[in-house]
Amino acid sequence: MKYIIPTSGLAMLLIIFLVSCEKRLKYDTFEPSKYLTLYELHEAETFRSLDRALKKPDSVFKLVLFDQKLKEVPEEIHALKYLNTLELTRNKLRSLPEYIGDMIYLQGLYLAENEFSKVPEQVYRLPRLKRFRAGENQLTGIPLRLLEMPTIEELYLGRNSITRVPDALYGMKQLRVLKLDHNQIDTLKPAIARLDNLEVIDIGFNGLTSIPYEIAALTNLRILDISGNSIPVQIADSLKKLMPHTKITY
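In structure tokens, the structure reads:
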């Protein structure tokens, strides 16, 4: 007896086969010396050519492929297993390869100005991700799984189509930089005061008509951008008095 697999079943089998064939990364151990401090990252060489980076892959910590018109992430990046920073801004990406989620040293992933309609699944697997930038894409919301990542300290999601700040964001006690400018957010809750490590908040050019005065409790806040909203001048002036050490733009 012959069995006929429906066309849709064949397509699913093909997808499973292709995914299983994608390259993955495996590490025998974690080497702390390969996970750089911010100062060490600043001093490390920045590679702007993949060909040059591949000549000494174990010495590459920063790779910048800015404005390369990439539609796919080059498979060769798989060889750069000690990457701490991967800059893919201003390309034409809609997805990431599976191995990106295996990069245990990756602490900065920059996907701004691409064509992502959702945060790639691989992002959630990154165990040491600190800085995530996905501004100017096609995101309509902030996924809960992203907000549950305990390592993220800088979150850049400006210039998308985000309509609300999920309550889970107010639990990100480790957050230092929050950029949600040029979205469609109309409410910022008093719970923002819980994020006492925040140094920068940019929520300019949204639909806000007010800012909770509780934000004044953020004693580490250096920059607060609320420009381009419909916030009364009286509220902004009051905040300036309450927060003399914060640069407030309105």
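Heads up: the sequence shown runs through residues 13 to 262, numbered per the working numbering.
By construction, the Cβ of each residue, glycine as well, lies at the ideal position given by its N, Cα and C atoms.
Source: prediction; values computed, not measured.
#### Entry: Ile-116 versus Lys-259, Lys-38 and Ala-203, residue with shortest Cα-Cα distance
Nearest of Lys-259, Lys-38 and Ala-203 to Ile-116, Cα basis: Lys-38.
### Query
Is Leu-50 buried or exposed, if buried means 16 or more other CB atoms sit within 10 Å of its CB?
By the 10 Å Cβ count, Leu-50 comes out exposed.
#### Entry: Backbone CA spacing between Asp-198 and Phe-42 [nearest angstrom]
Rounded to the nearest whole angstrom, the CA to CA distance from Asp-198 to Phe-42 is 43 Å.
### Task
Would you check if the region 181 to 191 and the region 129 to 138 touch, i.e. whether three or more CB-CB distances between them fall below 8 Å?
no
### Query
Is it buried or exposed for Val-85, if we count other Cβ within 10 angstroms and need 16 for buried?
So Val-85 ends up on the buried side.
### Task
Report the three-state DSSP secondary structure of Val-212 (helix, strand or coil).
strand
### Task
Express the C-alpha separation of Lys-83 and Gln-186 in angstroms, rounding to a whole number.
33 Å
### Extent of the continuous alpha helix (DSSP H) run through Asp-198
It is not in any alpha helix (DSSP H) - Asp-198 carries neither H nor E in the DSSP assignment.
### Message
Less than 9 Å between the C-beta atoms of Thr-175 and Asn-149, yes or no?
### Response
no
### Query
Which whole-angstrom value is the C-beta distance of Asp-237 and Asp-193, which I expect to be below 8 Å?
7 Å
### Pairwise C-alpha distance: Asn-209 and Ile-227
12 Å
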